[in-house]
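Colleague: Supplied in structure tokens, the structure appears directly below.
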Amino acid sequence: MSTNTTYANQETASPEVLKNTQFIQDVRDQVATVVVGQDEVVERLLISLFTGGHLLLQGVPGLAKTLLVSVLSKSIDLDFSRIQFTIDLLPSDILGSQILDQKKNEFITRTGPIFTNLLLADEINRAAPKVQGALLEAMQERKVTIGNETLSLPAPFLVIATQNPIEQAGTFELPEAQLDRFMLCHRLEYPLSGEEREILKRNMALGIRKEDRGAVVNTEFDVMDHRPVGTPEDLVNCMQAVNEIHVSDTFLEHVIEIVKRTRNHPNIELGCSPRAGIALIKASRARALINGRNYVIPEDLFVLAEDVILHRIRLNYEALADGLTGKGVLQDMLRDLGATPSVISQES
Amino acid sequence: MFRKSVASTLRMINAITLFLFITFSTATSFAEDQSTATVGMSARIEQVVLPGSELKVKGIKENDPIVLRIISTHPHGPDMLRYDLEYYGLKPGEFNLVDFLERVDRTSMGEVPDVTVQIQSILAADRVEPNSPAVSTIPGVGGYQFWQKVVVAFWVIGMVVILFARLKRPGDHQQESLQAPSLADRLQPMVEKAISGQLSKSQMAELEMMLVAFWRKRLCLEQTDVAKVAQELKQHEEAGPLLQQLEILLHRPASNDEVDIAQILKPYQNLPAEAMEKELASLA
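Top line first, the protein sequences correspond to chains A and B. Note that the numbering used here gives residue 197 to position 197 of the first sequence, counting from 1, and the numbers run on in steps of one. Note that the numbering used here gives residue 23 to position 23 of the second sequence, counting from 1, and the numbers run on in steps of one.
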């Protein structure tokens with residue numbers, strides 16, 4: 001799946017939208033200075049940021065996930081934390097805990113790394129279910145209770161979790177109910193040949209830097225431009241603009257049709273919840289803003305359907321026995337839109 | 001002294017008498033054992049000397065009262081052989097074992113002494129003879145076997161019927177597809193209604209998706225990723241402007257005055273359903 005890289009459609013964009021397109025373009029340019037390609041992932045990250053929905057990235061290691069989130073946070077002047085999830089991680093390692101201040105002889109609250117704007121939860125499926133549960137609860141409520149104290153998480157607060165699709169031994173797969181809390185689940189793909197060539201060339205040019213009496217090899221993190229190209233205020237403006245993107249009744253009908261079809265499909269055991277429909281509309285609105293439109297179109301649906309729907313559906317036993325995949329079933333379902341009579345019209 | 005000698009003489013006479021009794025009684029019982037047996041119990045006669053060439057047992061017939069077997073044969077002087085025989089009787093009575101023998105060289109038996117055996121029955125004299133088993137033929141129709149065959153036949157027929165009923169014949173599938181309205185069949189009335197402004201919002205949504213499906217089929221993009229198709233259609237010189245105009249009409253706020261729906265749908269209006277279906281089928 002690829003998206004176009006013409007971000008602002010000058011002809012159809014309204015003045016309110018155009019105000020934000022420059023900020024979006026600057027962020028994308030800033031990200032592009034250290035991350036080659038990955039336009040789709042950057043778009044999904046921006047969609048998550050603008051809608052406040054959390055993002056789950058599925059992909060093999062080495063696809064610049066951490067670098068991407070790091071550069072994005074710095075571009076907008078946001079705090080960034082990274083937690084490597086492991087089997088022995090405890091909820092207090094993420095949320096924080098109360099420790100005894102021996103001087104004052106009282107407990108003080110020490111907040112965990114979750115108190116940040118952008119949290120990269122690396123390999124979330126490696127942690128025990130109670131740690132996953134603690135994080136997902138905080139994601140949902142945007143509040144954390146430590147001892148007797150309830151603390152609000154900073155705004156914006158966005159969790160970008162990653163999952164490695166291989167090496168499933170010793171992992172705890174996220175249940176459907178918890179997967180549903182991620183607005184998007186994007187599957188990262190390897191870069192194209194041209195992009196890979198550029199990555200190698202850039203890496204070769206990184207060089208070394210002297211430190212103390214020796215030297216260390218530079219990484220992409222070292223050459224990152226730390227100057228932000230936008231402010232959290234710009235981000236708030238974008239969030240505001242997303243909420244003003246026009247959603248036509250026709251588009252709503254499309255969303256309802258897709259969601260209904262996942263529930264009635266013969267190969268799907270568990271269809272989409274209403275949260276999927278909400279996520280489709282939110283994500284489509286953000287995508288419309290990123291692409292310089294003040295209204296959503298069916299293309300937004302088609303582009304985002306896989307990321308919004310695929311992690312929310314579960315194939316039935318017969319489909320799995322036939323060797324079908326979730327992606328294949330979803331593609332067939334989307335192709336059937338229009339080609340077969342509408343579910344909504346059949347209901348009425 | 002005299003008394004003592006008389007007593008010892010008497011004891012000796014008694015001992016001799018006992019010895020003779022035991023000896024004779026044993027010999028008698030041995031002779032009886034050899035020539036007498038009860039029905040079904042085997043017995044042996046050993047050291048039977050018979051003149052002439054070697055003998056063998058005749059083939060056993062169905063009603064023979066004696067089953068005989070020659071255990072061993074030994075030469076016994078000129079033109080004579082000594083046999084050890086084993087037999088058992090199936091019927092009570094007196095039988096000559098020689099009747100059940102014949103020459104190995106197929107010559108006549110000649111003068112051969114009788115070897116008579118007595119087969120005795122242990123049953124009471126007034127026993128009831130069992131009836132000989134009646135031979136009856138298996139009935140052709142009826143009975144357990146008949147019904148077994150009937151049940152198996154029904155089971156096989158039922159299974160074949162179920163299997164064939166589940167398999168859809170190609171003609172049936174074609175019939176079903178003919179019955180289901182095709183995209184072209186559904187598109188035409190929708191376009192007509194849309195031009196005349198009779199479509200509801202949900203129907204307009206369905207029409208939009210039908211047009212996307214129509215172009216996807218027409219441009220042979222049915223196997224392409226739907227997200228890519230949406231972008232490719234927009235760049236197509238024929239489909240792009242039509243679909244973009246429809247998007248503006250349906251999705252852009254306050255766009256009713258800018259777009260004429262009749263103009264957008266005109267290309268679809270002039271294409272009869274049959275021709276459209278043929279075209280789509282030929283492309284597929």
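Where is the CB? At the ideal position from N, CA and C, for every residue including glycine.
(1) What does the alpha-carbon distance come out to for the pair A/N294 and A/R287?
(2) So what's A/D77 in DSSP terms, helix, strand or just coil?
(3) State yes or no: is the C-beta of A/V242 within less than 9 angstroms of the C-beta of A/R181?
(4) What do you get for B/K61, buried or exposed, if any count of 16 or more other CB atoms within 10 angstroms of its CB means buried?
(5) Apart from the five residues on each side of it in sequence, which residues of its chain come closer than 8 angstroms, Cβ to Cβ, to B/R103?
(6) Could you tell me how far apart the beta carbons of A/I256 and A/G277 are, in whole angstroms, since I believe they sit closer than 8 angstroms?
(7) Could you tell me which residues DSSP puts in a beta bridge with B/S72?
(8) Can you pull the DSSP bridge partners for B/T38?
(9) Can you tell which of A/T33, A/Q30, A/K19 and A/D39 has the C-alpha that lies nearest to the C-alpha of A/R192?
(10) Could you have a look at A/F23 and say whether DSSP puts it in helix, strand or coil?
(11) On the three-pair Cβ rule with 8 angstroms, is the segment 23 to 43 of chain A touching the segment 150 to 164 of chain A?
(12) Exposed or buried, A/F50, counting other C-beta atoms within 10 Å across all chains shown (16 or more means buried)?
(13) Start and end of the beta strand (DSSP E) containing A/V216?
(14) With A/I47 and A/A283 assumed to form a contact (beta carbons below 8 angstroms), what rounded beta-carbon distance in angstroms separates them?
(15) From the beta carbon of B/E237, is the nearest beta carbon of chain A less than 9 angstroms away?
(16) Tell me where the alpha helix (DSSP H) around A/D300 begins and ends.
(17) Along the segment 200 to 226 of chain B, where does the CB come closer than 8 angstroms to a CB of chain A? Name the residues.
(18) Is it true that the CB of A/E299 sits closer than 9 angstroms to the CB of B/K201?
(19) Looking at A/L95: is its Cβ nearer than 9 angstroms to the Cβ of A/I108?
(20) Whole angstroms are fine: how far does the CA of B/V135 sit from the CA of B/V112?
(21) Expressed to the nearest angstrom, what Euclidean distance is found between the alpha-carbon atoms of A/M204 and A/E195?
(22) I'd like to know whether the C-beta of B/A230 is nearer than 9 angstroms to at least one C-beta of chain A.
(23) Which partner residues of B/R218 appear in the DSSP bridge assignment?
(24) Closer than 8 angstroms by C-beta to A/K130: which residues in its own chain qualify, once you throw out the five before and the five after it? Chain order, please.
(25) For A/G338, return the contacting residues in chain B, with the cut-off set at a CB-CB distance below 8 angstroms.
(26) Are any of the Cβ atoms in chain A nearer than 9 angstroms to that of B/K193?
(27) Please state the DSSP three-state secondary structure of B/S5.
(28) Does any CB atom of chain A fall closer than 9 angstroms to the CB of B/P241?
Modeller: With the given structure in hand:
(1) 10 angstroms
(2) coil
(3) no
(4) exposed
(5) G52, S53, E54, L55, K56 and M109
(6) 7 angstroms
(7) B/D84
(8) B/Q120
(9) Position check: residue 192 of chain A holds Leu in this sequence, whereas Arg was assumed. Answer by Cα proximity: A/D39.
(10) helix
(11) no
(12) buried
(13) G214 to V217
(14) 5 angstroms
(15) no
(16) P298 to I309
(17) K201, S202, Q203, M204, A205, E206, E208, M209, M210, L211, V212, A213, F214, R216, K217, E222, D225 and V226
(18) no
(19) no
(20) 41 angstroms
(21) 14 angstroms
(22) yes
(23) Its beta-bridge partners do not exist; DSSP assigns none.
(24) P91
(25) L183, E206, E208, M209, M210, L211, V212, A213 and F214
(26) no
(27) helix
(28) no
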